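These notes concern the structure reproduced below.
Number of protein chains: 2
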Amino acid sequence: MGKKSTKDALLDSAEKLFAKEGFHGTSVRAITSEAGAHLASINYHFGSKEALLKEVLERRLLPINKDRLEMLEAALSQAVQEGRPPSVMEIVRAFADPLFTRARTSESIITFSNIVQISLTQHDSTVGALFLGIMRPVIIAFIKALGLALPGHDKEQLQLKFHFMVGSMLHGMRMLSMARNPAHKKLHSEFAGNIDSEILMDLMYRYIVAGLEAE
Amino acid sequence: MGKKSTKDALLDSAEKLFAKEGFHGTSVRAITSEAGAHLASINYHFGSKEALLKEVLERRLLPINKDRLEMLEAALSQAVQEGRPPSVMEIVRAFADPLFTRARTSESIITFSNIVQISLTQHDSTVGALFLGIMRPVIIAFIKALGLALPGHDKEQLQLKFHFMVGSMLHGMRMLSMARNPAHKKLHSEFAGNIDSEILMDLMYRYIVAGLEAE
DNA sequence: GTCTATATGCCGATAGAC
DNA sequence: GTCTATCGGCATATAGAC
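In the order they appear, the protein sequences are chains G and Z. Residues in the first sequence are numbered consecutively from 1, following the numbering used here. Residues in the second sequence are numbered consecutively from 1001, following the numbering used here.
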């Protein structure tokens, strides 16, 4: 493995720091010094701090979302072929697997998920708008698919249930993050101790599917 | 109603702005000018920007957590009296009702919930440590209660399920927030349109209970 | 308790030498 | 592509008049 380029080092450092202190809470000085680069390097490689954030988000989200849509498409067309509606579990897995299988082997995906949390929270700021722009097509496709798996639900119920699923998954990632980070571990040990990611994923999938199918 | 004090005006403005742009993204200048107060007022009334955040959090969380623990205690002792374990729904309601009934009549609680999202995301920063300090006793009490309602679950499963419940609720609040805020509405209308809070709460409670009772 | 003025320092961004 | 020096601005915090 050759040593990573300055640009990649900046992306890695920015990801780490944005996840810890948020976009606004992280200075370009902190990023460049963490990456061992000079102060002007962010402007040289990305143009601005904001453009750096965009690349940080896209670097992780675009491959995950590609996998999500492919898995969903595969499940949907197989269901059509078998003359049945897609199952709720198939849809949940298409949304969750691309994220959680990566999280199991990559520390940085867990770090990254913290940035997603932050992005979702800051709706109308730079961060939130960027994030939603990236996620929009995926959200629309999955709500539509849920409509096939859950007949009798109106549009509003489907939107709500989709977002419940997202909420459960985000919080699942948050717990993985807590469990892996020594600093969090100390803070949370009493009520979120040593979490095994296998157990978490298994329990989470069953929680979400049961919730989506409720009533 | 007498006009509100400078201190209350500062708390209100800080809550609004922290929710929109985060703690780091909000300047004391923005807060004081929004509140119609002078620049030095935050340091005079609170000592620092950080101490202001602490008061913003406690002002909302302490009454809610008091109600949560009272409702939980009432449910638990009634169950004992009737010689049965508490139901999952009773526990979910004890945790969620104090928050969501307030959210139905108070715009500011919805705003506030955004700050909770931010707090949970920034685990090891000022914000996260503050938040967890306030929530700790509640978290411990509810995980213990879940153990009574869900026999046969080990400690780890109970912790995970508790956090799934929290995740679902947080995301539910996030959606209420989106639905009420005109700026968010524009961004999200395709996949989270006009959300009725009655429908959301009803669907959410059933989602959570089904998820918790899964398997 | 209010407000102005200001101290002190970090911010993002850029110019220009190498 | 790297790095230094620096610009102009805004940050938090405080001192001190009223």
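Cβ coordinates follow ideal geometry from the N, Cα and C atoms, glycine included. Predicted, not measured: the structure shown is a model, and the values here were computed from it.
Taking the alpha-carbon of residue i as reference, which of the options has the nearest alpha-carbon?
| i | options | result |
| --- | --- | --- |
| residue 1108 of chain Z | Z/1206, Z/1020, Z/1208, Z/1207 | Z/1020 |
| residue 132 of chain G | G/65, G/89, G/198 | G/65 |
| residue 208 of chain G | G/175, G/168, G/198, G/69 | G/168 |
| residue 171 of chain G | Z/1038, Z/1118, Z/1153 | Z/1118 |
| residue 979 of chain Z | Z/1050, Z/1046, Z/1082, Z/1096 | The shown model of chain Z, from 1001 to 1215, leaves out residue 979 of chain Z, and the question about it has no answer. |
| residue 100 of chain G | G/205, G/25, G/34, G/164 | G/205 |
| residue 203 of chain G | G/78, G/89, G/106, G/112 | G/89 |
| residue 1076 of chain Z | Z/1214, Z/1215, Z/1144 | Z/1144 |
| residue 127 of chain G | G/41, G/26, G/53, G/93 | G/53 |
| residue 1130 of chain Z | Z/1026, Z/1043, Z/1058, Z/1042 | Z/1058 |
In whole angstroms, what is the alpha-carbon distance linking residue i and residue j?
| i | j | result |
| --- | --- | --- |
| residue 1048 of chain Z | residue 1135 of chain Z | 23 Å |
| residue 10 of chain G | residue 178 of chain G | 24 Å |
| residue 12 of chain G | residue 1084 of chain Z | 53 Å |
| residue 1297 of chain Z | residue 153 of chain G | For chain Z, the structure presents residues 1001 to 1215; residue 1297 of chain Z sits outside this window and is missing. |
| residue 142 of chain G | residue 1018 of chain Z | 32 Å |
| residue 1115 of chain Z | residue 1039 of chain Z | 23 Å |
| residue 1195 of chain Z | residue 1181 of chain Z | 11 Å |
| residue 165 of chain G | residue 1165 of chain Z | 11 Å |
| residue 302 of chain G | residue 5 of chain G | Chain G is shown from 1 up to 215; residue 302 of chain G falls before or after that span and cannot be answered. |
| residue 1087 of chain Z | residue 1069 of chain Z | 16 Å |
| residue 146 of chain G | residue 162 of chain G | 8 Å |
| residue 198 of chain G | residue 1023 of chain Z | 35 Å |
| residue 1212 of chain Z | residue 81 of chain G | 34 Å |
| residue 1001 of chain Z | residue 1138 of chain Z | In this predicted model, residue 1001 of chain Z has a pLDDT of only 48, less than 50, meaning its place in the structure is not dependable; the value taken from the coordinates is given anyway. Roughly 34 Å between the two C-alpha positions. |
| residue 7 of chain G | residue 1106 of chain Z | 47 Å |
| residue 1041 of chain Z | residue 1027 of chain Z | 13 Å |
| residue 1098 of chain Z | residue 1151 of chain Z | 26 Å |
| residue 67 of chain G | residue 51 of chain G | 24 Å |
| residue 1160 of chain Z | residue 79 of chain G | 32 Å |
| residue 1140 of chain Z | residue 1063 of chain Z | 17 Å |
| residue 25 of chain G | residue 74 of chain G | 41 Å |
| residue 1037 of chain Z | residue 31 of chain G | 35 Å |
| residue 61 of chain G | residue 29 of chain G | 25 Å |
| residue 44 of chain G | residue 1158 of chain Z | 50 Å |
What is the DSSP secondary structure of residue i, reduced to helix, strand or coil?
| i | result |
| --- | --- |
| residue 1110 of chain Z | helix |
| residue 50 of chain G | helix |
| residue 150 of chain G | coil |
| residue 1001 of chain Z | Confidence is the limiting factor: at residue 1001 of chain Z the pLDDT is only 48, short of 50, which leaves the residue's position unreliable, though a coordinate-based value still follows. Reduced to three states, the DSSP call for residue 1001 of chain Z is coil. |
| residue 194 of chain G | coil |
| residue 119 of chain G | helix |
| residue 181 of chain G | coil |
| residue 156 of chain G | helix |
| residue 6 of chain G | helix |
| residue 1164 of chain Z | helix |
| residue 145 of chain G | helix |
| residue 217 of chain G | A question about residue 217 of chain G goes unanswered here, because the residues of chain G that appear run from 1 up to 215. |
| residue 1205 of chain Z | helix |
| residue 133 of chain G | helix |
Looking at the ligand GDP, does it come within less than 7 Å of residue i, judged from the CB to the closest heavy atom?
| i | result |
| --- | --- |
| residue 1180 of chain Z | Although the ligand GDP was asked about, the structure shown includes no ligands whatsoever. |
If residue i sits next to residue j, beta carbons under 8 Å apart, how far is it from one beta carbon to the other, in whole angstroms?
| i | j | result |
| --- | --- | --- |
| residue 222 of chain G | residue 46 of chain G | This structure cannot speak to residue 222 of chain G, because chain G is shown only from 1 to 215. |
| residue 214 of chain G | residue 1210 of chain Z | 4 Å |
| residue 1121 of chain Z | residue 1015 of chain Z | No, residue 1121 of chain Z and residue 1015 of chain Z are not in contact; Cβ-Cβ is about 17 Å, not under 8 Å. |
| residue 103 of chain G | residue 176 of chain G | 6 Å |
| residue 954 of chain Z | residue 1113 of chain Z | No information on residue 954 of chain Z is available, as it lies outside the stretch 1001 to 1215 that chain Z covers here. |
Note to self: My parser needs the alpha helix (DSSP H) runs of 4 or more residues fully inside the segment 14–94 of chain G; what are they?
What the structure shows: 28–35, 41–46, 49–81
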